[in-house]
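Numbers 1 to 247, taken from full-length UniProt numbering, label the letters of the sequence shown in order. Positions of the beta carbon are idealized from the N, C-alpha and C atoms, including for glycine. Here is the structure we will look at, set down as structure tokens.
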Amino acid sequence: TIGHVAHGKSTVVKAISGVHTVRFKNELERNITIKLGYANAKIYKLDDSSCPRPECYRSCGSSTPDEFPSDIPGTKGNFKLVRHVSFVDCPGHDILMATMLNGAAVMDAALLLIAGNESCPQPQTSEHLAAIEIMKLKHILILQNKIDLVKESQAKEQYEQILAFVQVIRSFDVNKPGCEVDDLKGGVAGGSILKGVLKVGQEIEVRPGIVSKDSEGKLMCKPIFSKIVSLFAEHNDLQYAVPGGLI
């Protein structure tokens, strides 16, 4: 779980797993997560088709049996284990960013919490999401939390803020508003090289490229062919780039 300080990360983990990850004295006194917290949970689904979602799902602690009878009125059958999940509860405070990165390094997915009673994005919301983007974490779930503290109209307004924020964090435009036509630049790809060497003037192929669907609904991938016209490490102009560091 990642996100800004006091947006409810530890509370959500406790609600799902039953484990209170804030355990140390200094954490309890200040009511913030300082060290990484860990919790396990089991996710169950009721094998009664008459029970709709999300009522047919339930989360319990890791010591719960893999199957148990339903206690929902009007239903029958058993709750059966469908997934066993582990949570790494990361701190949200800005001075604990290194701790958050250590926790994110072992994740298969990230649950980003955004409190509904504050504007989006908050500082650590941006930093945490940018960090896991750099770490190539593919599965990111965004949970709009604390919506019981605001009106429905405010929750919907913040939902639109979240959508706009996620689109911005995933892409950026190097062309500033009002640029002259002759000053327009092409696309910029940022990241870190894992293997091989990139050189100025090199022809490159980006895969999967542009993903679309044909008339039959099948996915089609169209590779992007381009040419490297410049390489930069911050403001330093490079002729070639090797693994290590951001370019």
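Per DSSP, the unbroken beta strand (DSSP E) holding H84 starts and ends at 78-89.
Fewer than three Cβ pairs drawn from the stretch 119-135 and the stretch 147-154 lie within less than 8 Å of each other, which leaves the two stretches out of contact. K76 and T64 have their C-alpha atoms some 19 Å from each other.
Between the stretch 12-26 and the stretch 47-56 there are fewer than three C-beta pairs closer than 8 Å, too few to call the two in contact. For I140, the enclosing beta strand (DSSP E) starts and ends at 139-145. Judged by DSSP in its simplified three-state form, I16 adopts helix. Counting every other CB atom within 10 Å of its CB across the protein chains shown gives S86 a total below 16, marking it as exposed. Counting C-beta atoms within 10 angstroms of its own C-beta, Q202 has fewer than 16 neighbours from the protein chains shown and is therefore classed as exposed. A distance below 7 Å between beta-carbons, with the five flanking residues on each side excluded, links P69 to the following residues of its chain, in chain order: N78. In this model, G116 and I134 are separated by some 26 Å (Cα to Cα). For S212, the uninterrupted beta strand (DSSP E) segment begins and ends at 203-213.
When Cβ pairs closer than 8 Å are counted between the two stretches, the stretch 153-164 is seen not to touch the stretch 202-215, the count staying below three. G74 and A15 have their alpha carbons spaced roughly 25 Å apart. Excluding sequence positions up to five before and after V242, its CB lies within less than 6 Å of the CB of V197, all in the same chain and listed in chain order. Taken atom to atom, the span from the alpha-carbon of V19 to that of R58 is near 15 Å. One alpha carbon belongs to D108, the other to L137, and they sit about 7 Å apart. Cβ contact annotation for G61 (same chain, cutoff 8 Å, sequence separation greater than five): S17, G18, V19, N40, A41, K42, in chain order. Within the same chain, Cβ atoms closer than 8 Å to the Cβ of D237 are found at S230, L231, the five residues on either side in sequence being excluded.
Counting along the chain, no beta strand (DSSP E) covers A6, and no H or E run does either. In this chain, the alpha helix (DSSP H) harbouring S126 covers 123-134.
K9 is positioned such that its CB atom lies no closer than 8 Å to that of L101. Checking the DSSP bridge columns, you'll see N236 partnered with A233. With contacts defined by Cβ atoms closer than 8 Å, Q124 and V5 form a contacting pair.
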